[in-house]
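Asks: Dropping a structure here in structure tokens format, bear with me for questions.
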């Protein structure tokens with residue numbers, strides 16, 4: 001039963017639940033009304049029965065009339081049945097009525113051993129009666145005033161039928177109203193469902209649902225719109241990444257294929273390439289393979305779900321030590337380019353992934369080495385959590401500064417230099433993941449200053 005209910009559409013379930021709730025409420029109210037009415041009617045009947053009294057003349061007249069033709073006293077108590085009971089158990093009832101079985105309580109009243117008796121009894125003709133017995137005006141007698149139970153059963157049965165009809169119509173009306181309310185209330189959900197089905201069918205992430213009001217449906221619509229916008233942006237970035245990666249991979253692959261074709265053709269034709277030219281070709285092939293390997297490594301870093309990282313957990317590390325290790329690698333490259341590095345590192349501890357942060361610092365230093373003029377000096381400073389790397393190269397034009405952290409972006413003046421255009425993008429992503437910020441700006445007297453600010457402390461926090 002529950003499984004079938006769950007298979008119904010949501011609006012049908014809402015309508016059924018509404019109808020059931022109203023039906024239960026109406027049924028409870030109807031039963032309470034019927035019970036209260038019955039109690040009041042029974043109380044009123046018992047009060048009336050016990051208040052009816054027969055005087056001495058009436059009782060004597062009724063006793064004389066027993067066994068004779070009907071006389072006046074029987075008409076005095078209509079619509080009640082009057083019955084005289086003596087202490088010996090003799091019964092004398094109004095003419096034309098069926099005698100009622102005498103109970104032990106009735107005899108006690110006739111013998112003046114009890115003040116009053118009130119009970120249900122059955123007449124000789126099978127009629128169920130409500131009997132009130134009181135002491136009679138004649139000593140040794142009691143008077144029973146009785147009324148058929150059907151006198152209140154009939155109105156109670158009629159009331160039960162009316163209440164049942166009202167409950168049925170109420171449940172039917174509630175089901176109709178519930179179905180209407182469900183349809184009206186679920187219209188926004190229907191629009192949302194239609195939008196989801198449209199996106200699943202067409203992959204059109206430009207669909208937006210109108211947001212009306214500030215209720216839960218409006219919040220759901222706003223969240224859905226935000227989700228589709230984020231998905232569209234992610235897909236656009238993915239397509240742009242694929243296009244840029246294809247463009248960047250095409251150049252080294254074309255050059256690599258050309259050089260390898262020359263070597264293969266030389267071997268196939270038997271025409272040897274001069275030793276110097278062959279050496280240059282092999283060096284070019286080696287450099288292009290290294291460039292491809294570096295580009296693929298950068299793409300792998302950027303493809304991680306949580307951004308560029310070494311895959312390890314975040315931990316408290318000494319930024320000055322990470323910069324010191326990166327400086328050791330950068331000085332090897334700087335020595336080959338006839339450059340020197342002047343470093344001044346203050347103590348600073350940050351929370352980050354060690355390998356990713358060190359790689360970001362290496363990228364900054366490599367960028368400075370790449371664009372510095374021979375014989376120049378690269379200045380590295382770490383003061384109060386701010387790392388600055390300053391070169392004395394040609395600098396970056398103002399119109400190119402907004403693009404320096406974009407993936408695969410390379411300045412027109414730097415396209416002839418090695419690199420994938422991903423180094424600074426990795427730096428920006430890593431720094432932001434650590435809660436910091438990175439900027440690149442021209443220096444006043446030429447060159448470029450790269451600044452990295454990371455939250456942290458000058459002293460190492462206690463280890464837990």
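Residue numbers (full-length UniProt numbering): 1 to 464.
C-beta atoms are modelled at their ideal positions from N, C-alpha and C, and glycine is treated no differently.
(1) Going by the beta-carbon positions, is the gap between residue 339 and residue 323 smaller than 8 Å?
(2) Is it a yes or a no for the segment 384-394 touching the segment 430-448, going by three-plus beta-carbon pairs under 8 Å?
(3) Scan the segment 87-140 and note each continuous alpha helix (DSSP H) run of 4 residues or more that stays entirely inside, going in chain order.
(4) CB of residue 21 to nearest heavy atom of the ligand ZN: below 7 Å?
(5) Given 8 Å as the limit, is there contact between the segment 16-23 and the segment 110-120, that is, 3 or more CB pairs closer than that?
(6) So is residue 130 buried or exposed if we call it buried at 16+ other beta carbons inside 10 Å?
(7) Could you tell me the boundaries of the alpha helix (DSSP H) in which residue 321 lies?
(8) Under three-state DSSP, which class holds residue 203?
(9) Could you compute how far the alpha carbon of residue 444 sits from the alpha carbon of residue 318?
(10) How about residue 425 and residue 405: are their beta carbons less than 8 Å apart?
(11) Could you spell out the range, first to last residue, of the beta strand (DSSP E) harbouring residue 442?
(12) With 16 as the cutoff for other CB atoms within 10 Å, does residue 261 come out buried or exposed?
(13) Any contact between the segment 357-364 and the segment 323-334? By contact I mean 3 or more CB pairs, one from each, below 8 Å.
(14) Quick check: residue 337 and residue 374, are their CB atoms within less than 8 Å of each other?
(15) Just confirm the distance between the C-beta atoms of residue 107 and residue 89, as a whole number of angstroms; I'd bet it's less than 8 Å.
(16) Kindly indicate which three-state DSSP category residue 209 falls into: helix, strand or coil?
(17) So residue 140 and residue 86 are in contact, right, with Cβ under 8 Å, and what is the actual spacing, rounded?
(18) Provide the residue(s) that pair with residue 387 in DSSP beta bridges, ordered along the chain.
(19) State yes or no: is the C-beta of residue 519 within less than 8 Å of the C-beta of residue 218?
(20) From the DSSP output, in three-state form, read off residue 266 for me.
(21) Residues in its own chain within less than 6 Å of residue 15 by CB, not counting five upstream and five downstream?
(22) Looking only at its chain, what residues have a beta carbon closer than 7 Å to the beta carbon of residue 442, apart from the 5 residues adjacent to it on each side?
(23) Which word fits residue 223, buried or exposed, when buried means at least 16 other C-beta atoms lie within 10 angstroms of its C-beta?
(24) Count the other CB atoms, across all protein chains shown, that sit within 10 Å of the CB of residue 288; report buried if there are 16 or more and exposed otherwise.
(25) Contact check, residue 83 vs residue 132 under 8 Å by CB: the rounded distance?
(26) By DSSP's criteria, residue 340 is part of a beta bridge. Which residues make up the other side?
(27) When DSSP labels each residue in this structure, what does residue 372 get in the three-state scheme?
(28) When the Cα atoms are used, what is the spatial distance from residue 314 to residue 184?
(29) Could you check where the beta strand (DSSP E) with residue 352 kicks off and where it finishes?
(30) Using only the alpha-carbon positions, how far apart do residue 101 and residue 143 sit?
(31) Please work out which residues of its chain come closer than 6 Å, Cβ to Cβ, to residue 368, disregarding the five sequence neighbours upstream and downstream, and give them in chain order.
(32) Got a sec? Which residues, its chain only, sit under 8 Å from residue 235 by beta carbon, not counting five neighbours each side?
(33) When the distance is taken between beta carbons, is residue 134 closer than 8 Å to residue 148?
(34) So, under 8 Å CB-CB, residue 156 and residue 38 are touching, yes? Tell me the CB distance rounded to an integer number of Å.
(35) With residue 423 as the anchor, note down where its alpha helix (DSSP H) starts and where it stops.
Replies: Looking at the atomic coordinates:
(1) Translated into positions along the chain shown, residue 339 becomes position 339. Translated into positions along the chain shown, residue 323 becomes position 323. Result no, Cβ atoms of residue 339 and residue 323 do not sit closer than 8 Å.
(2) yes
(3) 104-110
(4) As far as ligands go, the structure on display features none, and thus does not contain the ligand ZN.
(5) no
(6) Taking the chain shown and counting its residues from 1, the one referred to as residue 130 is at position 130. Buried is the call here.
(7) Looking up residue 321 in the chain shown gives position 321. Looking at the DSSP string, the run of the alpha helix (DSSP H) that includes residue 321 is 319-336.
(8) For the purposes of this step, residue 203 is taken as the residue at position 203 of the chain shown. Coil, per DSSP.
(9) Here residue 444 refers to the residue found at position 444 when the chain shown is read from its first residue. Here residue 318 refers to the residue found at position 318 when the chain shown is read from its first residue. Taking the straight line from one Cα to the other gives about 31 Å.
(10) Counting from one through the chain shown, the residue named residue 425 turns up at place 425. Counting from one through the chain shown, the residue named residue 405 turns up at place 405. Contact flag set, yes.
(11) Translated into the one-based positions of the chain shown, residue 442 becomes position 442. Residues 437-442.
(12) Indexing the chain shown from 1 puts residue 261 at position 261. It is exposed - the Cβ of residue 261 has fewer than 16 other Cβ atoms within 10 Å.
(13) yes
(14) Here residue 337 corresponds to residue number 337 of the chain shown, with the count starting at 1. Here residue 374 corresponds to residue number 374 of the chain shown, with the count starting at 1. Their beta carbons are under 8 Å apart, which means residue 337 touches residue 374 by this criterion.
(15) Along the chain shown, read from residue 1 onward, the residue named residue 107 stands at position 107. Along the chain shown, read from residue 1 onward, the residue named residue 89 stands at position 89. Right, their Cβ atoms sit about 6 Å apart.
(16) Your numbering for residue 209 matches position 209 in the chain shown. Coil.
(17) Here residue 140 is taken as the residue at index 140 of the chain shown, counted from 1. Here residue 86 is taken as the residue at index 86 of the chain shown, counted from 1. About 6 Å; that satisfies the 8 Å criterion.
(18) Indexing the chain shown from 1 puts residue 387 at position 387. Per DSSP, 382, 452.
(19) A query on residue 519 cannot be resolved here, the shown segment of the chain reaching from 1 to 464 and no further.
(20) For the purposes of this step, residue 266 is taken as residue 266 along the chain shown, with counting starting at 1. Three-state DSSP puts residue 266 in a helix.
(21) To locate residue 15, count along the chain shown from 1; it is residue 15. Around residue 15: 175, 178, 179, 182.
(22) The count along the chain shown starts at 1 and reaches residue 442 at position 442. Taken in chain order, the residues that qualify are 395, 396, 448.
(23) Looking up residue 223 in the chain shown gives position 223. By the 10 Å Cβ count, residue 223 comes out exposed.
(24) Numbered from 1 along the chain shown, position 288 holds the residue referred to as residue 288. The residue is buried, with at least 16 neighbouring Cβ atoms inside 10 Å.
(25) Stepping through the chain shown from its first residue, residue 83 is reached at position 83. Stepping through the chain shown from its first residue, residue 132 is reached at position 132. Residue 83 to residue 132, Cβ: 11 Å. No contact.
(26) Along the chain shown, one-based indexing puts residue 340 at 340. For residue 340, which the question treats as bridged, DSSP gives the partners 377.
(27) Sequence index remark: in the chain shown, residue 372 carries index 372 (1-based). Residue 372 falls in the coil class under three-state DSSP.
(28) Translated into the one-based positions of the chain shown, residue 314 becomes position 314. Translated into the one-based positions of the chain shown, residue 184 becomes position 184. So the alpha carbons of these two residues sit roughly 50 Å apart.
(29) Here residue 352 is taken as the residue at index 352 of the chain shown, counted from 1. Where residue 352 is concerned, the enclosing beta strand (DSSP E) stretches over 349-352.
(30) As a working note, residue 101 is residue 101 in the chain shown. As a working note, residue 143 is residue 143 in the chain shown. The straight-line gap from Cα to Cα measures roughly 13 Å.
(31) Reading the chain shown from its first residue, position 368 is the one you call residue 368. Closer than 6 Å at the Cβ level, and outside the excluded window around residue 368, lie 378, 389, 391.
(32) Residue 235 sits at position 235 when you count from the first residue of the chain shown. For residue 235, where only same-chain residues beyond five positions count, the Cβ hits under 8 Å are 205.
(33) As a working note, residue 148 is residue 148 in the chain shown. As a working note, residue 134 is residue 134 in the chain shown. No, these two residues do not count as a Cβ contact at 8 Å.
(34) Locating residue 156 in the chain shown gives position 156, where the first residue counts as 1. Locating residue 38 in the chain shown gives position 38, where the first residue counts as 1. Sure, about 5 Å apart at Cβ, within 8 Å.
(35) Indexing the chain shown from 1 puts residue 423 at position 423. It spans 423-433 - the alpha helix (DSSP H) in which residue 423 sits, taken as one unbroken run.
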